[in-house]
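J.:
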């Protein structure tokens, strides 16, 4: 059976990429939430647990056996080689898990993978098209202030650490504007139609 197209959806914190994915879900499109799935795999995949413990020591998992996010974050903060080594452990497992998930959805026209970090379609991933969700920084900050228990200073620090909007545009096949003046639903419906046509022309 033919595999579906894999559509990547990405965007900065507060851009609304999860909202866009929920709209795709309303169209019965399956969504792979890569960041939450990576957390689950980090806790449950024996290969990841073994390699992360070997890399960072037994404190990488707490007394309950759960991934010690705070310890790991402090260990890799400002340590680029260690961060790269950690990503080299987790990313291949997530990529393999994504491919398995896509195969489980064989026969569908397309499926969506949501992730905060994404490469251009075809670059070390199996994504066919990348959708970037954009919103002005000020609006993103307001959304996060309403949603999370973070200060504006903390939010700005996160945004500065993330990939820039310009860099995201360079990998974008499509851009969704979520600026509170552009309507989201028509944009998602247009993408839905575009991906259905792309799938039918591919096979």
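Numbering (my numbering), first residue to last: 17 to 219. Yeah, the Cβ is synthetic: ideal placement off N, Cα and C, and Gly gets one too.
#1: For residue 193 and residue 130, which I take to be in contact (beta-carbon distance under 8 angstroms), what is that distance rounded to the nearest angstrom?
#2: Can you tell me whether residue 159 is buried or exposed? The criterion is at least 16 other CB atoms within 10 Å of its CB, across all chains shown.
#3: Count the C-beta pairs between the region 106-119 and the region 174-185 that are closer than 8 angstroms, then say yes if the count reaches three, no if not.
#4: Give a yes or no on contact between the region 175-190 and the region 116-124, applying the rule of three or more CB pairs nearer than 8 angstroms.
#5: Could you please give the first and the last residue of the uninterrupted alpha helix (DSSP H) stretch that includes residue 118?
#6: Could you tell me which uninterrupted alpha helix (DSSP H) segments, each at least 4 residues in length, are contained entirely in the region 135-163, listed from first to last along the chain?
#7: Using only the alpha-carbon positions, how far apart do residue 70 and residue 64 sit?
#8: Please state if the CB of residue 132 and the CB of residue 146 are separated by a distance shorter than 8 angstroms.
#9: DSSP puts residue 68 in a beta bridge; with which residues?
#10: Quick one, are the C-beta atoms of residue 188 and residue 148 less than 8 angstroms apart?
#11: Of all the alpha helix (DSSP H) runs that stay within the bounds of the region 165-217, which reach a length of 4 or more residues?
#12: Using CA atoms only, rank isn't needed, just tell me which of 73, 125, 77 is closest to residue 22.
T.: Here's the rundown:
#1: Translated into positions along the chain shown, residue 193 becomes position 177. Translated into positions along the chain shown, residue 130 becomes position 114. About 18 angstroms separates the Cβ atoms of residue 193 and residue 130, ruling out a contact at the 8 angstroms cut-off.
#2: The residue given as residue 159 occupies position 143 in the chain shown. Of the residues assessed, residue 159 falls on the buried side of the cut-off, its CB having 16 or more other CB atoms within 10 angstroms.
#3: Not touching, per the Cβ criterion.
#4: Two segments are said to touch when three or more pairs of C-beta atoms, one from each, lie closer than 8 angstroms; by this definition the region 175-190 does not touch the region 116-124.
#5: Residue 118 sits at position 102 when you count from the first residue of the chain shown. First-last of the alpha helix (DSSP H) with residue 118: 96-120.
#6: Counting only runs of at least 4 residues, the region 135-163 fully encloses the following alpha helix (DSSP H) elements, listed from N- to C-terminal order: 153-163.
#7: The residue you call residue 70 lines up with position 54 of the chain shown. The residue you call residue 64 lines up with position 48 of the chain shown. Rounded to whole angstroms, the separation of the alpha carbons of residue 64 and residue 70 is 10 angstroms.
#8: Taking the chain shown and counting its residues from 1, the one referred to as residue 146 is at position 130. Taking the chain shown and counting its residues from 1, the one referred to as residue 132 is at position 116. No, Cβ-Cβ distance for residue 146 and residue 132 is not below 8 angstroms.
#9: Here residue 68 is taken as the residue at index 52 of the chain shown, counted from 1. Beta-bridge pairing links residue 68 to no other residue.
#10: Position 172 of the chain shown, counting from 1, holds the residue named residue 188. Position 132 of the chain shown, counting from 1, holds the residue named residue 148. Yes.
#11: Counting only runs of at least 4 residues, the region 165-217 fully encloses the following alpha helix (DSSP H) elements, listed from N- to C-terminal order: 168-177, 181-187.
#12: Counting from one through the chain shown, the residue named residue 22 turns up at place 6. With distances taken between Cα atoms, residue 22 lies closest to 125.
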